[in-house]
Amino acid sequence: MSWETLVVSTLEIAPGVPEETKATIVEDFEGVLETDLIWDDQHKEYKVSHINWMSHVREEDIKKCHEKHKRHI
Numbered sequence: 021m022s023w024e025t026l027v028v029s030t031l032e033i034a035p036g037v038p039e040e041t042k043a044t045i046v047e048d049f050e051g052v053l054e055t056d057l058i059w060d061d062q063h064k065e066y067k068v069s070h071i072n073w074m075s076h077v078r079e080e081d082i083k084k085c086h087e088k089h090k091r092h093i
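Numbering (the working numbering) for the sequence shown: 21 to 93.
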């Protein structure tokens with residue numbers, strides 16, 4: 021049995037953040053969300069959508085990732 025959740029969201033990285041830091045932020049969020057973040061060039065933000073989660077993706081892990089990077093997003 022799996023639990024499924026659909027989330028539609030965006031992630032905006034602050035202007036001036038170094039490319040290496042941006043890459044780390046994206047990689048970390050892709051890891052905890054278990055999905056690819058899609059760059060939206062028109063809006064200059066990442067899109068998060070169509071996530072089919074299994075029960076091992078945890079809110080706690082997402083919050084930790086957010087806390088780690090919140091000064092840049």
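Positions of the beta carbon are idealized from the N, C-alpha and C atoms, including for glycine.
These figures come from a predicted structure and were not determined experimentally.
Query	Result
Near VAL52, what residues of its chain come up, given a Cβ to Cβ distance below 6 Å and the 5 sequence neighbours on each side ignored?	ASP81, ILE82 and CYS85
Exposed or buried, HIS89, counting other C-beta atoms within 10 Å across all chains shown (16 or more means buried)?	buried
Pop quiz: LYS67 and THR30 are said to be a contact at Cβ under 8 Å. What is the actual Cβ separation, rounded to whole angstroms?	6 Å
Within 10 Å of its beta-carbon, does ILE45 have 16 or more other beta-carbons around it, so buried, or fewer, so exposed?	buried
Along the chain, where does the beta strand (DSSP E) containing LYS67 start, and where does it finish?	65–68
From the DSSP output, in three-state form, read off ASP61 for me.	coil
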